[in-house]
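J.: The numbering of the sequence shown is this note's numbering, which starts it at 9 and goes up by one. We treat Cβ as the ideally placed atom computed from N, Cα and C, and that holds for glycine.
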Amino acid sequence: MNGKIQGIIVCGVIIACLGGTLAFLNATGGDSSSDTDSSSQTVNENSEDTSVLLIDSTADDIKSIAAVNEYGGFTMSRPASGKTAWTIEELNGINQSSSLQSGMAEDVAQLEAYKTVEENSSDLGKYGLESPAGEFTVTFTDDTQSTFCIGDVSTKTRYRYLCEKGESDVYMILNSRVSYFIEPKENLVDTSLIEDPGDSDMPDYGTLTVRRSDLDYDMVFENDPYDKEGMVSSQVMTEPIFSYLNVSVSSATTHGMWGLSAESAVKIFPDEEDFKTYGLDEPLAEVTFKGDGYNYDLKIGDPIYEENDDGEQTAEIASYYCYLTGVDGVDCVWTVSADSLPWATVMPGDVVTSLMTTNNIMDVSEVRVTAEDSEIVYELDSDGESTINSVKMNGEDIDVSLFQDLYKYLLTCPTSEIYFEEPQGESYLTIEISCEDGYNDVMEFYSDSSRRSIVALNGRPSFRIQSKWTDRFLENMENVKNGEAVVDTY
9 MNGKIQGIIV CGVIIACLGG TLAFLNATGG DSSSDTDSSS QTVNENSEDT SVLLIDSTAD
69 DIKSIAAVNE YGGFTMSRPA SGKTAWTIEE LNGINQSSSL QSGMAEDVAQ LEAYKTVEEN
129 SSDLGKYGLE SPAGEFTVTF TDDTQSTFCI GDVSTKTRYR YLCEKGESDV YMILNSRVSY
189 FIEPKENLVD TSLIEDPGDS DMPDYGTLTV RRSDLDYDMV FENDPYDKEG MVSSQVMTEP
249 IFSYLNVSVS SATTHGMWGL SAESAVKIFP DEEDFKTYGL DEPLAEVTFK GDGYNYDLKI
309 GDPIYEENDD GEQTAEIASY YCYLTGVDGV DCVWTVSADS LPWATVMPGD VVTSLMTTNN
369 IMDVSEVRVT AEDSEIVYEL DSDGESTINS VKMNGEDIDV SLFQDLYKYL LTCPTSEIYF
429 EEPQGESYLT IEISCEDGYN DVMEFYSDSS RRSIVALNGR PSFRIQSKWT DRFLENMENV
489 KNGEAVVDTY
């Protein structure tokens, strides 16, 4: 019934007349008042269902589904091997989405139109059905067939017009039920690229290398060769510098290949010309991840930019064209979300820890500082867990708490600016930290300008810092010697 029943039914009207009155109101589109809610409900329950079941079958009774559209089309059928429920012939050799295939079969087996738009239409062209956007043929196990044409988007934008081929009745059907047949076959590809093994089955971490066209160095990540206890991240950066990682921001870079998925497949079995078209012949970035049982190579090509509401391209990158080797069945050009590709933009300084040295003071046995012609040696005696028993400076006892503050200041040596060009001249300050387990860190400081210094960590130029930090460190050493408080700013 259209709308609510209008008017107020007079209480004196006898029950025998009620049906006729409601029929009249229904025919005239009238609304009822709240006094007739129960009567209105009765009419609604008896309203005619306008949906039309065009195919009433089951997926088991379907032998194949063939689509033809502007992209060429495809045929989905049951494979002779029986290893999968369905396969698309044109995608042989490519991993296919079993969920989309089964969804297509189920939708076709119970092909239901929202309603009949026009019976015996004399002008199918006005519905886009003279030159349809696509058509599909369903072949059943008894070899009977039904073919349907898909027309324009209807006045209700969630729907399209549909008719059976050779017939003139026009229906309106949910776009989601027939979108398979007007889109490229690549839309039925499985977009999962690399399986996520999960924590329990995670293989040993190998070597991840990031090469970028905008950088003249590689970034390399591996397991910590020193296997230091207490470090949150088990991986370290080994190129262009050696550094422990800030696990809160580095995991996407070190572990982002596991579980990598694409947004869509663009081109299956690409050739050299396709590689040029999508910027994959000279990629923006290339990520290799090699370990025991796996060897992945991901090329990241041209960017795809966001568009605004007017369809104009913005400066925001939404995704990139990519190509992956090392996995069977993924020989495609893919679009992958920029959010899933940290390697396209990551810089060393984005992922390294804020600590230049990661040695816990309880593990330290000696700190040796060489500045100009002087050398100061701090010797520590601790229980290795929570208590420092004593600290000697060149053989003389000093205040333990003051030295602890000095060591805390040492840990603040900034790492925000990565630097790995060879410094000039001689170092003006060297700090060597020795631990009970034999692990050492050596920090050498070189003048770069009146305000900047280069730090070589363990013999490799690694960072550039403000020279004010070293000035304050030397002043704090003097403060500790004189029993004065350490200043933690510079």
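Below 6 angstroms CB to CB, which residues in the same chain sit around Y498 once its five sequence neighbours on both sides are set aside?
T.: Counting only Cβ-Cβ distances below 6 angstroms, and skipping sequence neighbours, we find K476, W477 and R480.
J.: Closest to S4 by CA distance: which of G337, A379, S154 and D282 is it?
T.: Nothing about residue 4 can be read from this structure; the chain reaches only from 9 to 498.
J.: In or out: G403 buried (at least 16 other Cβ within 10 Å) or exposed?
T.: The residue in question, G403, is exposed, as its Cβ has fewer than 16 Cβ neighbours within 10 Å.
J.: Check for me: the alpha helix (DSSP H) holding Q109 runs from which residue to which?
T.: S106 to A117 is the span of the alpha helix (DSSP H), which, as asked, contains Q109.
J.: Ordered along the chain, which non-local residues of its own chain (more than five positions away) have a Cβ less than 8 angstroms from that of C25?
T.: Here C25 scores only 37 on pLDDT, less than 50, and its place in the model is too uncertain to base an answer on.
J.: Which two residues bound the contiguous alpha helix (DSSP H) that contains V255?
T.: Here the alpha helix (DSSP H) through V255 covers V255 to H263.
J.: Got a sec? Which residues, its chain only, sit under 7 angstroms from P311 by beta carbon, not counting five neighbours each side?
T.: Excluding sequence neighbours, P311 sits near I325 and Y328.
J.: How far does the beta strand (DSSP E) with E383 in it extend, from its first residue to its last?
T.: S382 to S390 is the extent of the beta strand (DSSP E) around E383.
J.: Is the beta carbon of S59 less than 9 angstroms from the beta carbon of E120?
T.: The answer is yes: Cβ separation under 9 angstroms.
J.: Name the DSSP beta bridge partners of E315, please?
T.: BP columns for E315 point to Q321.
J.: Using DSSP bridges, identify the partner residues of R376.
T.: V385 and E440, per the DSSP bridge assignment.
J.: Taking the alpha-carbon positions, what's the A293 to D222 distance?
T.: If you take the alpha carbons of A293 and D222, they lie about 9 angstroms apart.
J.: Excluding the 5 residues flanking W351 on each side, which residues of the same chain have their C-beta closer than 6 angstroms to its C-beta?
T.: Same-chain partners within the cutoff: V218, A293 and V295.
J.: Report the start-end ranges of each alpha helix (DSSP H) in the segment 160-194 that is 4 residues or longer and not cut off at the edges.
T.: Correct list: 183-186.
J.: Could you pull the DSSP bridge partners for T124 from this structure?
T.: The partner list for T124 (beta bridge, DSSP) reads Y179.
J.: Following the continuous alpha helix (DSSP H) through E281, name the residue where it begins and the one where it ends.
T.: Unbroken alpha helix (DSSP H) run through E281: E280 to T285.
J.: When you compare each of P192, I384, M210 and S154 to G267 by their alpha carbons, which one comes out closest?
T.: Cα-wise, what sits closest to G267 is M210.
J.: Between which two residues does the beta strand (DSSP E) holding D449 run?
T.: That run of the beta strand (DSSP E) goes N448 to S455.
J.: Does the contact criterion of 3 or more C-beta pairs under 8 angstroms hold for the segment 369-379 versus the segment 432-452?
T.: Counting Cβ pairs under 8 angstroms, three or more are found: they touch.
J.: Considering only DSSP beta bridges, list what E404 is partnered with.
T.: Answer by DSSP bridge pairing, in chain order: M401.
J.: Can you name, in chain order, every residue of its own chain whose Cβ lies under 7 angstroms from the Cβ of E429, other than the five neighbours on each side?
T.: These residues qualify, in order along the chain: P469.
J.: According to DSSP, simplified to helix, strand and coil, what is S139?
T.: Looking at S139 - three-state DSSP - the assignment turns out to be coil, as it is neither helix nor strand.
J.: Check whether the segment 457-472 and the segment 385-395 are in contact - that is, three or more C-beta pairs closer than 8 angstroms.
T.: With a cut-off of 8 angstroms, the segment 385-395 and the segment 457-472 do not count as touching, because too few Cβ pairs lie within range.
J.: Put P350 into one of helix, strand or coil per three-state DSSP.
T.: Helix, per DSSP.
J.: What residues match up with R472 in a beta bridge as DSSP calls it?
T.: Answer by DSSP bridge pairing, in chain order: I462.
J.: Start and end of the beta strand (DSSP E) containing S72?
T.: First-last of the beta strand (DSSP E) with S72: I70 to N77.
J.: At which residues does the alpha helix (DSSP H) containing G357 begin and terminate?
T.: Here the alpha helix (DSSP H) through G357 covers P356 to V359.
J.: Would you call the segment 295-310 in contact with the segment 159-177, where contact means no fewer than 3 C-beta pairs closer than 8 angstroms?
T.: No, the segment 295-310 does not touch the segment 159-177.
J.: Could you give the DSSP three-state label for F144: helix, strand or coil?
T.: Strand.
J.: Does the Cβ of A273 have 16 or more other Cβ atoms within 10 Å, making it buried, or fewer, making it exposed?
T.: A273 is buried by the Cβ-count criterion.
J.: Helix, strand or coil for W477, going by three-state DSSP, please let me know.
T.: Reduced to three states, the DSSP call for W477 is helix.
J.: With which residues is D300 paired in a DSSP beta bridge?
T.: D300 pairs with nothing; no bridge assigned.
J.: Confirm, please, whether the CB-CB distance from D305 to T365 is below 9 angstroms.
T.: No, they are not a contact pair.
J.: Spatial neighbours of V244 within its chain, please: CB distance less than 8 angstroms, with the 5 preceding and 5 following residues excluded, ordered by chain position.
T.: Contacts found: F229, E230, N231, D232, P233, F250, S251, Y252 and L253.
J.: For the beta strand (DSSP E) that contains S85, what are its first and last residues?
T.: Its beta strand (DSSP E) spans residues F82 to S85.
J.: Taking only three categories from DSSP, how would you classify I308?
T.: DSSP places I308 in strand when its eight states are reduced to three.
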